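One rule links them: number in this note's numbering = place in the sequence shown (from 1) + 2. All residues carry an ideal CB built from backbone N, CA and C; glycine is no exception. Quantities reported herein were computed from a predicted structural model and do not represent experimental measurements.
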Amino acid sequence: LAAAPDDVIVNAEFSQVINRVLGLAESAMLTRNVDEATAALDMARRADPDNPRLDFLGSQLTQLQLREITDEARVAIREGRLADADSLRAQARSLAGTNSTEITLLTEELATARNHKLAGEQIALANARLEAGDLMSPSNNNARYYFAMALDTDPQNQAAQQGLITVASTLVLNARTAIDNGLLDEADDLLRDARVLDPTSKELTAANKALGDSRTAIAAAERKAEAERQAELKREADRQAELVRQAEVARLAEIERQAELARQAEIARVAELERQAELARQAEAARIADARKQAEQTRQAEVARLAEIERQAELKRQAEITRQAEVKRQAEAAKQAEADKILAARRQVEADEAARIAAEKDAAKAVTASPLGVAGSTVSQTPVSKPASSTTSRQVAATSTPPPTRSTTVTPAPAPAPARTSGSNSGVTASLAAATTVASNVVQGGSVAGATQSIPQTITTTSSQANRVTGNSAFASSEPEMVAVSRLTRTNYVAPKYPRAAHRRNVTGSVDITFTVTTDGRIRDMSVLNSEPGVTFDQAAMDAVEKWRFEPVIENGVAVEKRTAVRLAFTLQ
């Protein structure tokens with residue numbers, strides 16, 4: 003608590019500990035165990051001196067201690083240990099103060115006990131004076147004096163009352179003796195004293211009757227006065243009795259008031275306990291709500307983090323797909339450029355060959371029209387060195403190779419030019435010699451077959467090369483179009499199985515797979531573009547995707563293949 007005074011949880015737990023200690027104090031007070039209650043309150047006061055319940059419980063403990071002390075004092079009074087009772091009364095006064103009703107009652111009880119004890123001592127002295135015959139004298143040291151003092155000390159003391167009756171009886175007896183002896187005044191004095199002590203004594207009545215014969219008028223007046231006095235005494239006694247009754251009623255009312263106060267205090271204590279419990283419950287509910295809020299914020303942050311990772315991975319995958327598409331487009335562009343170059347070269351070869359054939363035809367026409375040819379004169383037929391095979395190859399390429407659509411760039415080598423002869427008519431001569439040679443070969447027939455055989459052979463070779471070029475272009479152009487998987491309709495889905503090793507290690511990841519959907523909806527040419535972590539989930543992903551089926555894609559009434567890519571995420575729920 004000293005390290006974190008504002009921590010709600012620590013304060014709540016500290017309050018619970020204090021409440022438990024105070025509860026122990028209350029339980030100890032209920033069992034009247036003053037020592038345990040005092041120890042518990044001292045502990046709580048040291049830990050939390052500002053606790054609002056300490057004053058109330060301290061007051062309750064003081065009341066309990068006060069009751070314990072007063073009970074012990076009353077026991078001491080009953081056992082006659084008045085000194086111990088007085089000491090306990092002093093302790094109680096130090097706890098409750100001088101205005102406590104309980105202390106007042108205890109003081110009265112102690113005074114009564116002291117009066118009882120003092121009355122007993124006075125009665126003992128009175129009995130001694132009675133035995134000595136000192137009924138009314140000497141003054142302040144006779145039986146009547148001590149009995150009256152004991153009765154004043156303890157008005158309800160029966161022994162003192164009986165002692166006075168005994169003194170009165172003795173006085174009446176002495177008055178009888180005085181009457182018998184004619185001592186009327188003395189008898190009158192004795193009877194008067196006896197009447198004061200025991201006015202209802204039958205012996206006194208008889209003595210008075212005996213004395214009344216001589217003092218009728220005086221006796222009547224004295225009896226009347228005595229009756230009035232007795233009535234006054236009775237009224238006084240009734241008044242004293244009423245005062246005693248009222249005091250008892252007041253005492254009972256005070257006891258009832260104290261009980262009501264205790265009941266109200268108990269109700270307030272229970273209400274305070276319930277309030278403290280409700281506050282503790284609300285604090286606990288607030289703590290749980292805050293913990294749930296923190297957990298929800300953590301979960302949302304984790305979800306956002308995973309979403310960001312997924313988004314980054316998706317961006318990476320899309321970038322990879324875009325890069326591959328760009329590479330493929332560049333390859334297609336390169337193939338198209340190569341095909342365009344081949345087509346341009348072929349057209350150039352065709353143009354050169356057409357020019358050469360035209361030149362040869364012109365040369366042949368010139369030879370046929372020459373006078374030398376008609377007269378049969380011999381013309382030098384020195385053969386011109388010429389790579390016939392190259393010419394034939396160019397001719398075949400010009401006639402048999404179809405125009406390619408897409409191909410790799412190939413730069414054809416230029417055909418070698420025919421050798422020149424000296425003289426101003428060298429071009430014509432060369433053409434003529436060539437024509438003569440071709441004609442000679444045709445007439446002789448010896449090499450015609452060879453010529454005719456060489457031409458198809460060259461055609462075959464050149465056609466194979468052309469087919470290879472056009473075949474590559476056709477293969478490049480037959481690559482399936484890349485489409486989003488959302489454009490395809492999947493008819494059979496098989497979920498990937500989570501690898502056991504990854505599941506045991508709580509490993510998560512993803513696999514990016516590209517594949518081709520065939521014209522019958524099956525999967526082929528499947529490959530992994532990217533996978534994380536490593537190849538952990540590659541096989542599981544490929545096993546699942548291999549079993550997928552799609553509806554064939556129809557374009558212009560024909561089923562076509564399409565290529566697509568998909569990401570399979572492996573997460574633990």
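Label residue i either buried or exposed according to how many other C-beta atoms from any shown protein chain fall within 10 Å of its C-beta, with 16 as the threshold for buried.
i, result
"E280", "exposed"
"D44", "exposed"
"D527", "exposed"
"T155", "buried"
"K337", "buried"
"D57", "exposed"
"R259", "exposed"
"K363", "exposed"
"K564", "buried"
"N183", "exposed"
"A567", "buried"
"N508", "exposed"
"A239", "exposed"
"N176", "buried"
"V537", "exposed"
"V246", "exposed"
"I344", "buried"
"R146", "buried"
"D545", "exposed"
"F477", "Residue confidence is low: F477 scores 40 on pLDDT, short of 50, so the model does not pin down where it sits. Its coordinate-derived value is still stated next. Flag for F477 reads exposed."
"A357", "exposed"
"T72", "buried"
"E340", "buried"
"D292", "exposed"
"A486", "exposed"
"E355", "buried"
"V305", "exposed"
"V329", "exposed"
"R231", "exposed"
Please list, in chain order, all residues of the same chain as residue i whose beta carbon is under 8 Å from its beta carbon, the five residues on each side excluded.
i, result
"I125", "Y148, F149, A152, N159, A161, A162 and G165"
"S533", "G511, S512, V513, D514, F539, D540 and A543"
"V2", "Beyond the ends of the chain as shown, which are 3 and 575, falls residue 2; an answer cannot be given."
"E228", "R197 and P201"
"P535", "V509 and G511"
"S529", "I515, T516 and F517"
"K295", "none"
List the residues that DSSP assigns as beta-bridge partners of residue i.
i, result
"R551", "N494"
"L570", "V513"
"S533", "V513"
"K1", "Any answer about residue 1 is impossible in this case: the structure gives the chain only from 3 up to 575."
"R526", "T518"
"E557", "V560"
Which same chain residues, not among the five before or five after residue i, have their C-beta less than 6 Å away from its C-beta?
i, result
"I167", "D200"
"T518", "P482, R526, D527, E563 and R565"
"A571", "S512"
For residue i, which residues from the same chain have a beta carbon less than 7 Å from its beta carbon, with the 5 sequence-adjacent residues on both sides left out?
i, result
"P554", "T521, D522, G523 and A561"
"N144", "R131, D136, L137 and M138"
"A170", "A196, L199, D200, S203 and L206"
For residue i, which of the options has the nearest alpha-carbon?
i, options, result
"V578", "L66, V19 and S529", "Because the chain spans 3 through 575 in this model, residue 578 falls outside it and cannot be assessed."
"L173", "T324, T573 and A189", "A189"
"S34", "A306, K564 and L68", "Here residue 34 turns out to be Arg, not Ser, going by the sequence shown. Residue L68 is the option with its Cα nearest to R34."
"L107", "Q575, R253 and E298", "R253"
"D187", "I11, G214 and E276", "G214"
"Q278", "R22, E316, N558 and A497", "R22"
"A180", "A170, S171, Y500 and L193", "L193"
"T324", "T516, L570, A128 and V537", "T516"
"R569", "R55, P498 and Q232", "P498"
"R271", "P140, A41, V485 and S29", "S29"
"T573", "E70, A309 and E298", "A309"
"L26", "Q18, A39, A14 and S17", "A39"
"E316", "R55, D50, R265 and L531", "L531"
"E70", "L59, E274, E224 and M31", "M31"
"A255", "E224, H505, T103 and T300", "T103"
The ligand MG heavy atoms versus the CB of residue i: any closer than 6 Å?
i, result
"E286", "Questions concerning the ligand MG fall outside what the structure shown contains, since it holds no ligand whatsoever."
Would you say residue i faces chain E, with C-beta separation under 7 Å as the test?
i, result
"K211", "The chain labelled as chain E is not found in the depicted structure, where only one protein chain is given."
Checklist entry - Touching or not, the region 549-560 and the region 487-501, by the rule of three or more beta carbon pairs under 8 Å? => result Segments in contact, yes.
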